[in-house]
Amino acid sequence: MNMRKTIVSTNRSIVSTGLMVLLGIGMFLFWWLWHPEALNFQEQNQLFLWTGDYLAERLSTSGGLADWLGEFIVQFFYVEWLGALLMALLFVLMYWLSVKAIFSPPYRVGLGVGLFFPLFFLWLMGDENVLVALPVAFTLVLAAVALMRRVRKVWWLPIAVALWWAVGMSWTTYYRIPQHGPDFSGWNGDKWELLKQDYLIRHERWDNIIERAKMHEVQTPFWSNSVNLALAMKGRLADKMFDYWQSGEDALLMPMVRDNVSNLPTAEAFWRLGMVNEALRYMSDIQESILNARKSGRFEQRIVECMLVNGKYRVAYKHIQLLKKSLFYASWAEDAERYLTGQRSSFIAPLNAKRALRFKQNFLFNYPEIDKMLGILFQENTQNKMALEYFLGQLLLKDDAQTFMQALPLAQQHGGYRVMPMVYQDAVSCMQSRSVPDTPYGRYIKRKMGGR
91 MNMRKTIVST
101 NRSIVSTGLM
111 VLLGIGMFLF
121 WWLWHPEALN
131 FQEQNQLFLW
141 TGDYLAERLS
151 TSGGLADWLG
161 EFIVQFFYVE
171 WLGALLMALL
181 FVLMYWLSVK
191 AIFSPPYRVG
201 LGVGLFFPLF
211 FLWLMGDENV
221 LVALPVAFTL
231 VLAAVALMRR
241 VRKVWWLPIA
251 VALWWAVGMS
261 WTTYYRIPQH
271 GPDFSGWNGD
281 KWELLKQDYL
291 IRHERWDNII
301 ERAKMHEVQT
311 PFWSNSVNLA
321 LAMKGRLADK
331 MFDYWQSGED
341 ALLMPMVRDN
351 VSNLPTAEAF
361 WRLGMVNEAL
371 RYMSDIQESI
381 LNARKSGRFE
391 QRIVECMLVN
401 GKYRVAYKHI
411 QLLKKSLFYA
421 SWAEDAERYL
431 TGQRSSFIAP
441 LNAKRALRFK
451 QNFLFNYPEI
461 DKMLGILFQE
471 NTQNKMALEY
481 FLGQLLLKDD
491 AQTFMQALPL
501 AQQHGGYRVM
511 PMVYQDAVSC
521 MQSRSVPDTP
531 YGRYIKRKMG
541 GR
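Per the working numbering, the very first residue in the sequence shown carries number 91; after that it's consecutive.
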């Protein structure tokens, strides 16, 4: 009988180990290969600081330990494979503890049932605003239950009190939007496709954005802004712009939207165009729209760059000191600080180049006249080919045929094209035709006219 129990126990151990290995491999591949944009989104919406004050602030509230541990893990998402590995280990630990705490004897339940919890939390995190603190908190609960099964009952109350302080009772700790909960949409295709675009923009993988756009069309201004930016960065905007879906007059540059996602492609386009003040305003507003009041390493970097271009060195210094307290942004911040002190720095050439692109005169930004501002931006530096193509593209989006025809010689004179780009040829043909032809730009005009 004892030998039989030993064999059964050994078999259960082998099965449990095998399930943990398979779970770990599956989770690692899921986060690293299939959804790195989820890691990117979590990481860019927080800035973990290696300071005692930061830790004390988190631990001063109920649930703060789970919050701090979650943010500690998320900071490593900056390195994709490392972030994926840590998430895989977290979910494997959750499985192992669930077996120890709930499904091990005397509770006779199959080991495979323990997979429910990791898979449930994986599905739950299909809502991008569910924080990593949530699976961390549940893992702490499982650890406490497993511990309580091994100690005398006199220790249960202290463990329960410590657990309450560690994980808290407020949903706000685990969800980025206060007073809200998960939308339970799972890994919605369109939403995550847009976040994938933002991830690719951050890593300047322009070819990947263009290739994905051929297979996944999401009819939103965010999608159009992303694809157009990628086309511009590859020098293909004037030839291919209307081969892709255009949302309308906001397809190149969106007006301000008060959230932490929508304006990211626009802010990046402003920066590359040389519209530094708008890049600064958009990035600052995006960071302030992180509703759990966190900072962002990515957004802080762009804010620092804009401040340095504009010569706002004292303000830039404050942001640099914040970034120096992080792990993965510290070396970048130190290089920025060397620039401030007149030492050798990789910032010198890029910032000088950006100063050459920015506006030479001051005026109030007025989004309805974005085409005019793009025109001024180009006139002040005729080497700014991206500004030229955005200016002409904006006129086409507005269907401003008269101004486009007047500005077209600028493309011939300053565009450096051997032949007139296909978009401009198509537009001229449409403008000279008595009826709207079935061409890429013609189809856009038909849709703008309501299908007529």
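Yeah, the Cβ is synthetic: ideal placement off N, Cα and C, and Gly gets one too.
Since the structure is predicted, the reported quantities are computational estimates derived from the model, not experimental observations.
- Leaving aside the five residues that flank residue 170 on each side, the residues in its chain whose CB is nearer than 7 angstroms to its CB run, in chain order, 122, 126 and 129.
- For the pair residue 287 and residue 355, the CB atoms are nearer than the 9 angstroms cut-off.
- In the structure shown, residue 220 adopts extended strand secondary structure according to DSSP, grouped into three states.
- Beyond the five residues adjoining it in sequence on each side, residue 235 comes within less than 6 angstroms, by CB distance, of 191 in the same chain, given in chain order.
- CA-to-CA, the gap between residue 297 and residue 291 works out to about 10 angstroms.
- Per DSSP, residue 512 is one residue of the alpha helix (DSSP H) stretching across 512-522.
- If you compare the alpha carbons of 437, 153 and 416 with that of residue 426, the shortest gap goes to 437.
- DSSP, read as helix, strand or coil, puts residue 419 in coil.
- Assigned with DSSP and collapsed to three states, residue 265 falls in strand.
- Taking the C-beta atoms as reference points, residue 487 is found no nearer than 9 angstroms to residue 378.
- Between residue 364 and residue 260, the C-beta gap is not smaller than 9 angstroms, which leaves the two residues out of contact.
- The shortest C-alpha to C-alpha distance from residue 498 to any of 391, 440, 328 and 419 is the one to 328.
- Between the segment 313-325 and the segment 341-359, the count of C-beta pairs closer than 8 angstroms reaches three or more; the two stretches touch.
- Judged by pairs of C-beta atoms under 8 angstroms, the segment 415-434 does not touch the segment 449-459, as fewer than three such pairs exist.
- A check of alpha carbon separations from residue 274 across 239, 242, 220 and 106 identifies 220 as the nearest.
- In this structure, the straight-line span from the alpha carbon of residue 503 to that of residue 336 is close to 27 angstroms.
- Less than 9 angstroms separates the beta-carbon of residue 307 from that of residue 334.
- Using a Cβ-Cβ distance cut-off of 8 angstroms, the segment 139-147 and the segment 249-268 are not in contact, since fewer than three pairs of beta carbons, one from each stretch, lie closer than that value.
- DSSP places residue 332 outside any alpha helix (DSSP H), giving it a letter other than H or E.
- Burial is judged here by how many other beta carbons sit within 10 angstroms of a residue's own beta carbon; residue 480 has at least 16 and is buried.
- Closest option to residue 184, judged by alpha-carbon separation, among 117, 166, 460 and 407: 117.
- Following the DSSP letters along the chain, one finds residue 188 inside the alpha helix (DSSP H) bounded by residues 170-188.
- In the structure shown, residue 380 falls within a coil segment according to DSSP collapsed to helix, strand and coil.
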